[in-house]
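Novice: Residue numbers (the working numbering), protein chains in the order written: chain A, 553 to 891; chain B, 553 to 891; chain C, 553 to 891; chain D, 553 to 891.
We put the beta carbon where it would ideally sit given N, CA and C, even for glycine.
Protein chains: 4
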Amino acid sequence: MKVGVIGLGYWGPNLVRNFSAHSEVTEVAASDIREERLKFIRSKFPAAKLTTNYNDIIEGDSDLVVIATPVATHHPLAKAALLNGKHIWVEKPFTASIREAEELIEIAERKNLKIFVDHTFIYNGAVIKIKELLDKGELGNILYFDSERINLGLFQKDVNVIWDLAPHDLSIMSYLMKGMKPKALSATGIANFNGLENLAHINIHFEQNCFAHFHVNWVSPVKIRRMILGGDKKMLVYDDMENFEKIKVYDSGIEYKSTETIHEALVQYRIGDMFSPKVNQTEALALGAKECIAAINENRQPLTSGYDGLDVVRLLEASDLSLKNMGKMIEIGDSLLVT
Amino acid sequence: MKVGVIGLGYWGPNLVRNFSAHSEVTEVAASDIREERLKFIRSKFPAAKLTTNYNDIIEGDSDLVVIATPVATHHPLAKAALLNGKHIWVEKPFTASIREAEELIEIAERKNLKIFVDHTFIYNGAVIKIKELLDKGELGNILYFDSERINLGLFQKDVNVIWDLAPHDLSIMSYLMKGMKPKALSATGIANFNGLENLAHINIHFEQNCFAHFHVNWVSPVKIRRMILGGDKKMLVYDDMENFEKIKVYDSGIEYKSTETIHEALVQYRIGDMFSPKVNQTEALALGAKECIAAINENRQPLTSGYDGLDVVRLLEASDLSLKNMGKMIEIGDSLLVT
Amino acid sequence: MKVGVIGLGYWGPNLVRNFSAHSEVTEVAASDIREERLKFIRSKFPAAKLTTNYNDIIEGDSDLVVIATPVATHHPLAKAALLNGKHIWVEKPFTASIREAEELIEIAERKNLKIFVDHTFIYNGAVIKIKELLDKGELGNILYFDSERINLGLFQKDVNVIWDLAPHDLSIMSYLMKGMKPKALSATGIANFNGLENLAHINIHFEQNCFAHFHVNWVSPVKIRRMILGGDKKMLVYDDMENFEKIKVYDSGIEYKSTETIHEALVQYRIGDMFSPKVNQTEALALGAKECIAAINENRQPLTSGYDGLDVVRLLEASDLSLKNMGKMIEIGDSLLVT
Amino acid sequence: MKVGVIGLGYWGPNLVRNFSAHSEVTEVAASDIREERLKFIRSKFPAAKLTTNYNDIIEGDSDLVVIATPVATHHPLAKAALLNGKHIWVEKPFTASIREAEELIEIAERKNLKIFVDHTFIYNGAVIKIKELLDKGELGNILYFDSERINLGLFQKDVNVIWDLAPHDLSIMSYLMKGMKPKALSATGIANFNGLENLAHINIHFEQNCFAHFHVNWVSPVKIRRMILGGDKKMLVYDDMENFEKIKVYDSGIEYKSTETIHEALVQYRIGDMFSPKVNQTEALALGAKECIAAINENRQPLTSGYDGLDVVRLLEASDLSLKNMGKMIEIGDSLLVT
């Protein structure tokens, strides 16, 4: 399989490295309009075929085109690649709008091509372990999902903090809580500097009695990357800043007893043991590349397909709409596409 | 000065202990309808005058009536005490509605009596130190205020988690950011058990370009009590769960440079030193009792007056309204009272 | 049962409170030469019989005499109490020398009286839980025991840091590793101020292939109270400064494989899950008082008897000898007493 | 300048990378007897000249020979390189004995060649910052130095845990406390597996009234890399496992007041503010390479010269002697060399 990477910014070199290391990849090509990025890639990966013209990739002999450019360019590049018969790998967020995502999915379906969206945390050892625990029913029913991803981070010039950071958390939530249906969403925040929100909160109500909250922030003095999943049996904390104990499962919880006398205490809490499972350390990107190539070879949807990308874009678009309307609650529509 | 305490639940004994220890207090009376609570108080404070009838306090010879009962009873008890010519101390939240708060303030003003609202964190060493730093301008302009108070906590049967926990954080915010004017507020959350929200988020927009967010939660497996104040000069984290380094001031921040070329990076961040000031360990309640009695003696408003109580109730009432309207943004009205 | 407490310094009030609360204790008497301490106790415990003369306790009608005075006075007070037919409770360390401890044990045996030594951590929920885990063989064979108890602490004027802090750790080790026999010990340290060591390290070799180390320190800027037990199956960390996860059991360890070729790696390590059991929060002193009175009633040795006190004093005396001889390794003798 | 690296194990690739990136280095050669290591280096650094024969390096045209092989081979390789007129860079520990270190220093002095010993932590941003603080007298006189470097680590087959881990800590101590003279040392520990100590403690007494302690351990379930420097003005904690606040300076300490009455408290403690300075993130190895090449160019001793290597080896050799004599205190001799 031949792979062509478009965009060699922060993430691009990792993509080139991982595809170069994959046993089924026979050639890696890469393009960037900036000569100095090509020079950097050349010094690290002398075997890569480099070009300043992305059309050399889109029209070349790559089987898979990897798009790692600013989000505004995802749709035109991805569409051109698909129309040239290429499978595509797109960095998160998938596209800048629902409409764009739907069009790409339609083309891919029509031409039987695969779309892989790089929701990289889905291939992270901690998230895989949490999914395992959830699938075994360890937590019971999920009451709420709370996520915080805050840092003194690089400001983006083209998108606000939601489009920059929240795709990670929204994709993790969608993956872990598959089967739960977001019903409505509101988003609030503030733009202190350049007109783009640098801090935002997203609140999601589900059709089930469940609630999710996301805090994303570029201007925090401390770095926090933490999720809490409150289940009615157990609760889980995933702290990505911990070196060794990233996941903690608490055998603590709430016991709800219906009693005849309304005046008695109906809700009690219980403190129990805590358990921290070992987490696999394999690089997420390596597992992602493996899944993408396997899905192409086996002619099946990858674990993080265009549909998953669309699910996230739908929440992002609703967030923008809510932000523009003073935090108004926005209903999350169903996809017109058949998954 | 004679002090009478009504309500000897969780907090009552601390009130009796602190007023008993105050040098100007010559007598402490206390009442509770539960005999076993009186017995408990008698074993600890043999000198206290005890009664099961709160009217013995309201109509007795106390100069100051301390009200530590469920919030629904604050207004009738406080009103009766004021009408009997007593100064009052009311536990947080001040009242169950704006209307109730305004009425109490009016009566007190008319009769020249003092209302002390026990926003106890205002007398906490860490909060006092933060106020000091803010007043010196250490942080510059405040861009945002973020607060988290979550725990596996006791469910209240009469109020939701906002009325239970948020008064602490809202009163701290009001005190620290005096001069900043809340313009509108939204609140979202979920009631997983008994119809009262057990998890909620409050978002506040200010007339100044500033934003505040509060997360309160009774069903978290981990206990977090943390505030972040993002300033344009420095940033501060107050972590009340830390034993020794409760306040950390980060000489880190954002530098905004307007440039002629829009395409250049306009916002940069800077990492610097961190400083953790020593915090005074005096019990907040002792300082509160001292301030209350001093205000009465000096015939002046205490630091946490009825007006401050009203400010918090106004935000609580707006939160309820927003919760009932799917997170709708609610405008915060001005007080009709003259402060 | 009647209880008389001698010495009302830092710990004395806790003793009076716990014995006063015990259902079988009908009277608590207490003495201190300092009038202001008696006044303080009177205000808190109006029912206690107070005296400035400790002989009123020793010669009075107490069944149990509790000695909470400086260590140098333990032996004469305890001896007088035993000779007056009283059971005794002695604060740690039991005595100032092996010889003193042996004499007290002999008298108590002869007169069939009980000696309870207040190794309070043996009644702490975390230590009880660790003992449970060890007794079930969870850790396998213990390879080493490492203890750190450091703080910016109050300097004692009569004893060095080893006699002040190490009794806690030595008693915990003796209890947890019952059956392991200390063979030799060395101690090093430094006296930076008043001639008494303010920082010291104790190293113990066991007859089994096991090693223990203790760091005690009055001049540390940070407070650490941490023990590590390295087993050949699992390892355990006990961090007393943690609020919620005091014990962590690591399913990690060392695998030793004997191979024929000496040049191959013989030792490997393994990272596994971690487990943090719930710890009982009952006050240790309440459990200690209960055990002491039960042992008297049942005419049996308490869990922390004079023999246990002697075991610790033996290690303290050896530490002093080693300190005076530049850290020389001192052999730990057997007791001449029959346990 | 041409550089030749012998030994391409764990650390070798970092050495090749850093010298390759140095602006004054025109050629990097490297050797290892293992073909697969050469293959690995070739894939990363296509420009490096590779050989399986280390004599190609020693007898080749390198100006500087970098020795990154097991410690037993340091002396023969370094001696051969010096005799061939090469400057040398030797990984820690410098040599396996004092005698070997002294011989290498003598040869280098005679032939005016430079010896750089890679005490890499001396070029670490945190250690550089601590040195700065000490040189300004921030801490006052150092009362004690305490170091802990424990982990579930790779067992070495040729050396015990002291020779593996303690060179880091001993070199940091020697550097920070330049001017303090170690007088005597004892070491204790245990070999639970293969005859080599896997856990050890080193205690050092200084001619000044100062004490140092080092705990090194391959079998700890938790990873700790922490140093405490207790000064009589301030105290400092350096925690290398912290991501952001590696250094904390505590304005806390001990106040010693001589009084006439011996019975009064003579020593008091004081709690104050804490300060955590920003630490430079430049890779230590890059700064080390720069210093080494600068020292050669300027014909001066590097910051971490053979003499510094010898200081550490002297402490390691004394530790071995003490370990073999049941923790006997060993006097630290003066160097016969003139520094």
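Using CA coordinates, which residue listed in D/T672, D/V623, D/L704, D/A846 is at the minimum distance from D/H639?
Specialist: Looking at the Cα atoms, D/A846 is the closest of the given residues.
Novice: Taking 8 Å as the CB-CB limit, is B/R793 close to chain D?
Specialist: Strictly speaking, residue 793 of chain B in this sequence is Met, with Arg absent from that position. Closer than 8 Å: no.
Novice: Given this structure, state the Cα-to-Cα distance separating A/N607 from A/K666, to the nearest angstrom.
Specialist: Taking the straight line from one Cα to the other gives about 20 Å.
Novice: Beta-carbon of A/E690 versus every beta-carbon of chain C: anything under 8 Å?
Specialist: Not an interface residue.
Novice: Quick one: using the 10 Å Cβ neighbour count with 16 as the cut-off for buried, is D/Q833 buried or exposed?
Specialist: Result: exposed.
Novice: Please confirm whether C/K798 has its beta-carbon closer than 8 Å to some beta-carbon of chain A.
Specialist: Not closer than 8 Å to any Cβ of chain A, the Cβ of C/K798 fails to qualify, so no.
Novice: For a test of the three-state rule: what should DSSP assign to D/M881, helix, strand or coil?
Specialist: Coil.
Novice: What did DSSP end up calling D/T834 once you bin it into helix, strand or coil?
Specialist: Reduced to three states, the DSSP call for D/T834 is coil.
Novice: Can you give me the C-alpha to C-alpha distance between B/A588 and A/Y790, rounded to a whole angstrom?
Specialist: One point to set straight first is that residue 588 of chain B is Glu, not Ala, in the sequence displayed. Answer to the nearest angstrom: the Cα atoms are 44 Å apart.
Novice: Distance cutoff 8 Å, beta carbons only. Does B/I806 sit that close to anything in chain D?
Specialist: Answer no: the Cβ-Cβ gap between B/I806 and chain D never drops below 8 Å.
Novice: In the structure shown, what three-state DSSP assignment does B/S572 receive?
Specialist: Correct three-state label for B/S572: helix.
Novice: Just curious, the alpha helix (DSSP H) that B/E587 is in, first and last residue?
Specialist: That run of the alpha helix (DSSP H) goes 587-596.
Novice: Using 8 Å as the cut-off, can you tell me whether the segment 594-602 of chain C makes contact with the segment 567-583 of chain C, which would need three or more C-beta pairs spanning the two stretches below that distance?
Specialist: Touching, per the Cβ criterion.
Novice: What does the alpha-carbon distance come out to for the pair B/W770 and A/F763?
Specialist: Each residue's Cα considered, the two are about 14 Å apart.
Novice: Pick helix, strand or coil for A/K775, following the three-state DSSP scheme.
Specialist: Strand.
Novice: I need the straight-line Cα distance from A/A836 to C/M725, nearest angstrom please.
Specialist: Roughly 44 Å between the two C-alpha positions.
Novice: Over the uninterrupted beta strand (DSSP E) stretch that includes C/S614, give me the two end residues.
Specialist: Segment: none, C/S614 is in no beta strand (DSSP E) and carries neither H nor E.
Novice: With a cut-off of 8 Å, does the C-beta of B/P829 fall near any C-beta of chain C?
Specialist: Taking Cβ atoms only, chain C never reaches closer than 8 Å to B/P829, which makes this a no.
Novice: C/S871 lies in the alpha helix (DSSP H); which residues open and close that run?
Specialist: It spans 858-876 - the alpha helix (DSSP H) in which C/S871 sits, taken as one unbroken run.
Novice: Buried or exposed, going by whether 16 or more other CB atoms sit within 10 Å of the CB of D/D710?
Specialist: By the 10 Å Cβ count, D/D710 comes out exposed.
Novice: Look at the alpha carbon of C/E654 and the alpha carbon of C/L616, and state the distance between them as a whole number of angstroms.
Specialist: C-alpha separation (whole angstroms): 20 Å.
Novice: Excluding the five sequence neighbours on either side, which residues of its own chain have a C-beta within less than 6 Å of the C-beta of C/H815, listed in chain order?
Specialist: Annotation note: pLDDT 46 at C/H815 (below 50); position unreliable, coordinate value reported separately. So the list is empty, once near-sequence residues are dropped.
Novice: Can you name, in chain order, every residue of its own chain whose Cβ lies under 7 Å from the Cβ of C/N566, other than the five neighbours on each side?
Specialist: Hits under 7 Å: L837.
Novice: A/I734 bridges to which residues according to DSSP?
Specialist: In the sequence as presented, Ile is not what sits at residue 734 of chain A; that position holds Pro. Answer by DSSP bridge pairing, in chain order: A/F758.
Novice: Say whether chain B places a C-beta atom closer than 8 Å to the C-beta of D/M732.
Specialist: So no, D/M732 is outside the interface.
Novice: How long is the line joining the alpha carbons of C/E643 and D/V831, rounded to whole angstroms?
Specialist: Going from the Cα of C/E643 to the Cα of D/V831 covers about 47 Å.
Novice: Kindly indicate if chain A contains any beta-carbon less than 8 Å away from that of D/P598.
Specialist: So yes, D/P598 belongs to the interface.
Novice: Touching or not, the segment 695-710 of chain C and the segment 553-563 of chain D, by the rule of three or more beta carbon pairs under 8 Å?
Specialist: These segments do not touch.
Novice: In the DSSP assignment, find the alpha helix (DSSP H) that holds C/L788 and state where it starts and stops.
Specialist: From DSSP, C/L788 is part of no alpha helix (DSSP H) but of the beta strand (DSSP E) over 787-791.
Novice: State the Cα-Cα distance for the pair C/I609 and C/E576, rounded to the nearest angstrom.
Specialist: Cα to Cα, C/I609 sits roughly 19 Å from C/E576.
Novice: Checking 8 Å against the spacing of the C-beta atoms, do A/M881 and A/S649 come in under that value?
Specialist: Taking 8 Å as the Cβ cut-off, A/M881 and A/S649 do not qualify as a contacting pair.
Novice: For the 8 Å Cβ check, are there 3 or more pairs between the segment 744-763 of chain D and the segment 864-881 of chain D?
Specialist: Yes: the two stretches touch, three or more of their Cβ pairs being nearer than 8 Å.
Novice: What residues of chain B sit near D/M878, judged by a beta carbon separation below 8 Å?
Specialist: Going along chain B, no residue has its Cβ under 8 Å from D/M878, so there is no contact; the nearest lies around 39 Å.
Novice: The segment 819-847 of chain B: which residues have C-beta closer than 7 Å to a C-beta of chain D, in chain order?
Specialist: Listed by position, the residues of the segment 819-847 of chain B near chain D (Cβ gap below 7 Å) are I823, G824, D825, M826, F827, S828, P829, K830.
Novice: Since A/T740 meets chain B, which of its residues come closer than 7 Å, beta carbon to beta carbon?
Specialist: Within 7 Å Cβ-Cβ: S738, N755.
Novice: Does the segment 839-856 of chain C come close enough to the segment 771-790 of chain D to have 3 or more Cβ pairs within less than 8 Å?
Specialist: The answer is no - the segment 771-790 of chain D does not touch the segment 839-856 of chain C, with fewer than three Cβ pairs under 8 Å.
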